[in-house]
Ligand code: OKP
Ligand code: ZN
């Protein structure tokens with residue numbers, strides 16, 4: 009398989025709130041590194057780097073002012089707080105728009121960080137923009153390879169993207185890599201693109217971006233949002249609106265879900281995609297459904313991932329696979345390789 013990867017992500021390692029304590033984020037540089045190392049060890053893959061970041065494309069799925077804010081945020085933080093430690097300092101919002109108030113633009117960096125985010129698990133450090141823009145560039149490069157004729161390719165994105173909305177970061181995500189890949193496929197001629205999200209958490213950002221659109225459909229299997237992040241979004245009755253009505257499908261499942269109900273939900277989504285008549289597929293590949301994931305509560309096992317990969321391949325569509333979550337770092341490479349093996353029809357021993 010063609011794999012697009014870069015080590016620029018390593019400069020991004022943020023802090024996240026754990027209770028009232030800031031901890032080194034679960035979303036660590038080691039995650040992408042172990043996946044890269046494991047895939048190198050499989051010998052059959054080809055590796056390439058990303059093309060330069062395409063700010064215009066990002067602006068087709070995000071508010072361009074939001075993209076510009078992300079790029080400028082660290083500099084604005086340093087200008088406001090010049091004593092910040094350039095190595096270990098982190099910028100983070102601490103106040104969000106109160107419910108039912110108007111969403112008006114603040115003028116200070118502290119206000120803007122809250123305005124443009126929805127969670128305190130996502131800080132901005134010196135290397136964040138480089139990593140975020142590189143991750144988005146990986147998504148676009150992977151999509152372009154598929155548009156140019158690769159039957160499928162894997163983008164080793166980090167940080168992940170599926171929580172990033174039109175204009176807010178959160179859930180470790182800043183730019184929505186899957187949305188950028190889907191838009192790139194559309195721009196290169198695909199009439200309708202399906203995005204399927206198998207991360208443990210609901211891809212609220214991807215849903216938000218394509219909510220009103222019928223040219224990109226979004227389907228997701230994830231933990232019940234009454235129990236789990238991102239809360240309040242990801243329910244089964246969210247089907248899209250206006251032209252997008254009927255082109256969004258959520259299959260929330262409870263804590264403890266194992267492979268059997270999970271595969272039933274997948275079959276429901278793949279049948280839906282088949283009937284929709286799509287020209288290309290984007291997969292948000294989260295592996296935090298794994299039983300040993302430290303922050304998640306599904307019960308999938310390593311041996312389940314080849315089955316999932318095989319069912320996704322059976323859609324027979326040109327496919328862009330992108331890494332999202334997965335925090336059992338020691339097992340992440342193995343689980344990712346297991347899914348790709350199943351997808352490519354490689355028998356595991
Ligand atoms: C990102 B992805 C609080 C942790 C909150 C939210 C989960 C983000 C998951 N200490 N983190 O969908 O894997
Ligand atoms: Zn997740």
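In my numbering, the protein residues as written are 9 to 357.
Think of the CB as a built atom: it goes at the ideal place given N, C-alpha and C, for glycine as much as any other residue.
### Message
Out of 352, 341, 349 and 353, which one is the CA nearest neighbour of residue 44?
### Response
Measuring from the Cα of residue 44, the nearest candidate turns out to be 341.
### Task
Decide if residue 255 is buried, meaning its Cβ has at least 16 other Cβ atoms within 10 Å, or exposed.
buried
### Query
Given a threshold of 16 other Cβ atoms within 10 Å of its Cβ, counted over all protein chains shown, does residue 38 qualify as buried or as exposed?
exposed
#### Entry: According to DSSP, residues forming a beta bridge with residue 256
Residue 256 is bridged to 226.
### Message
Measuring only from the beta carbon, is residue 168 closer than 7 Å to any heavy atom that is part of the ligand OKP?
### Response
Answer for residue 168: yes, Cβ within range of the ligand OKP.
### Query
Taking Cβ positions, are residue 17 and residue 143 nearer each other than 8 Å?
yes
#### Entry: Under the three-state DSSP convention, the category residue 197 falls into
coil
### Task
Look up residue 24 in the DSSP assignment and give the residues it is bridged to.
Assignment of beta-bridge partners to residue 24 by DSSP yields 31.
### Query
If you draw a straight line from the alpha carbon of residue 283 to that of residue 258, how long is it in whole angstroms?
17 Å
### Query
Pick from 260, 249, 288 and 160: whose alpha carbon is nearest that of residue 380?
With the chain running from 9 to 357 in the structure shown, residue 380 is simply not present.
#### Entry: Residue span of the beta strand (DSSP E) that contains residue 391, given as start and end
Residue 391 falls outside the range modelled here, since the chain spans only 9 to 357, and no answer is possible.
### Query
Are residue 207 and residue 332 closer than 8 Å when you measure CB to CB?
Yes, the Cβ-Cβ distance between residue 207 and residue 332 is below 8 Å.
### Task
For the alpha helix (DSSP H) holding residue 112, just list the boundary residues, first then last.
Note, residue 112: premise wrong, no alpha helix (DSSP H); not H, not E.
### Query
Is the CB-CB distance between residue 150 and residue 216 below 8 Å?
no
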